[in-house]
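Student:
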């Protein structure tokens with residue numbers, strides 16, 4: 011379960027040369043651990059193939075178009091649950107405290123509810139706790155899977171895989187509520203939001219820069235290999 015969740019977290023990170031180079035290791039982690047049904051693993055192949063062989067700039071542009079330019083596909087869980095309300099800020103604080111209580115402190119610009127961070131944290135928990143952790147936002151994962159599928163995006167398979175890993179089925183009523191308050195992706199409104207932001211150039215992507223996920227996949231794989239040798 012640990013390697014599978016770290017692989018899924020990595021696939022949702024902003025595309026990088028490091029991620030491209032790690033695709034064979036991600037494939038191996040998914041196959042070796044066998045935490046996902048074969049059909050679910052097969053559904054990830056188009057995304058794996060595209061990330062491995064695609065032009066990096068094209069991959070990054072496609073990622074930004076999906077997850078940065080569309081509020082309905084935001085990779086921050088509480089944006090879907092709380093929108094811009096005050097409850098969102100408190101929920102983020104509470105989640106960060108939950109991480110800290112387990113001995114994990116975030117480094118870098120990512121918020122606690124950024125999906126790759128949330129999934130990576132789950133990978134550090136015992137399997138039954140990881141499933142419980144992932145099942146809580148199952149309706150958000152289900153909504154994102156549906157919205158990405160409707161756009162023909164191969165990223166939809168990652169959210170299907172998260173639901174399969176959690177052995178969870180999204181509540182239909184909760185899905186309907188999310189659909190009813192799905193944020194607008196009107197380009198003019200998005201442009202207005204972008205104009206209000208200060209433009210800065212940093213070494214990491216604002217929505218999904220390096221989180222160390224790939225490095226930890228490699229470290230965990232080395233640890234498993236060493237254990238086998240002994």
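Residue numbers (this note's numbering): 11 to 240.
All C-beta atoms, glycine included, are put in the ideal place defined by N, C-alpha and C.
Here the structure is a predicted model, which is why all the values come from computation and not from measurement.
1. With DSSP as the reference, label residue 114 as helix, strand or coil.
2. Can you name the residues that DSSP bridges to residue 124?
3. Rounded to a whole number of angstroms, what is the C-alpha to C-alpha distance between residue 20 and residue 126?
4. Taking residue 143 as the reference, give the member of 86, 178 and 71 with the closest Cα.
5. In angstroms with no decimal places, state the Cα-to-Cα distance between residue 103 and residue 131.
6. Using three-state DSSP, classify residue 52 as helix, strand or coil.
7. To which residues of the same chain is residue 154 closer than 7 Å at the C-beta, ignoring the five residues directly before and after it?
8. Going along the chain, which residues of its own chain have a beta-carbon closer than 8 Å to the beta-carbon of residue 116, five neighbours each way excluded?
9. Between which two residues does the alpha helix (DSSP H) holding residue 170 run?
10. Distance check for residue 74 and residue 100, CA to CA, integer angstroms please.
11. From the DSSP output, in three-state form, read off residue 78 for me.
12. Report yes if the CB atom of residue 40 is closer than 8 Å to the CB atom of residue 51, and no otherwise.
13. Considering residue 13, what are the terminal residues of the alpha helix (DSSP H) in which it resides?
14. In the DSSP assignment, find the unbroken alpha helix (DSSP H) run with residue 135 in it and report its ends.
15. Give the DSSP-derived three-state secondary structure of residue 58 in the structure shown.
16. With distances taken Cα to Cα, identify the nearest neighbour of residue 152 among 139, 17 and 167.
17. Could you work out which residue in 63, 134 and 124 is closest to residue 111 when comparing CA atoms only?
18. Report the residue from 124, 33 and 141 whose alpha carbon sits nearest the alpha carbon of residue 175.
19. How would you label residue 14, buried or exposed, when you count the other beta carbons within 10 angstroms and need 16 or more for buried?
20. Measuring straight from C-alpha to C-alpha, what distance separates residue 183 and residue 157?
21. Compare the beta carbon distance of residue 86 and residue 114 with 8 Å and say whether it is the shorter of the two.
22. Which first and last residues belong to the alpha helix (DSSP H) in which residue 34 is found?
23. Taking the alpha-carbon positions, what's the residue 67 to residue 25 distance?
Tutor: This is what the structure gives:
1. coil
2. 86
3. 7 Å
4. 178
5. 15 Å
6. helix
7. 83 and 169
8. 106, 109, 122 and 127
9. 166-176
10. 27 Å
11. helix
12. yes
13. 12-21
14. Run containing residue 135: none; DSSP gives neither H nor E here.
15. helix
16. 167
17. 134
18. 141
19. buried
20. 16 Å
21. no
22. 27-43
23. 9 Å
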